[in-house]
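Here the structure is laid out as structure tokens; the discussion comes afterwards.
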Amino acid sequence: MAALTSAISILEVVTAYFIDQKGWSRKKATIQFGIVITIVGVFCSFSLGRRSQYHGAIW
Numbered sequence: 015m016a017a018l019t020s021a022i023s024i025l026e027v028v029t030a031y032f033i034d035q036k037g038w039s040r041k042k043a044t045i046q047f048g049i050v051i052t053i054v055g056v057f058c059s060f061s062l063g064r065r066s067q068y069h070g071a072i073w
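Note that the numbering used here numbers the sequence shown so that position 25 is 39, with each residue one more than the last.
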């Protein structure tokens, strides 16, 4: 649950920037960066458990 709330807070900062500075709609910004955060999160989770061979990735 802590990871989810942290991801939401990170998403809100990026979303607010693109709404204010770039004129994007909240829906567009949320969907686009939600996908990016999900993909990054999946690759970060690969460094744990059975998929530990991916631990060399530098984020």
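Note that the Cβ used here is the ideal one computed from N, Cα and C, for glycine as well.
Owing to the predicted nature of the structure, the values given are computational and were not obtained by experimental measurement.
Residue 46 versus 61, 16, 20, 25, residue with shortest Cα-Cα distance: 25
Classification of residue 19 by the beta-carbon crowding that lies within 10 angstroms, buried from 16 upward: exposed
Entirely enclosed alpha helix (DSSP H) segments - the segment 16 to 66, minimum 4 residues: 16 to 36, 40 to 59
Residue 43 vs residue 52 beta-carbon contact at 9 Å: Residue 52 is positioned such that its CB atom lies no closer than 9 Å to that of residue 43.
Pairwise C-alpha distance: residue 62 and residue 38: 35 Å
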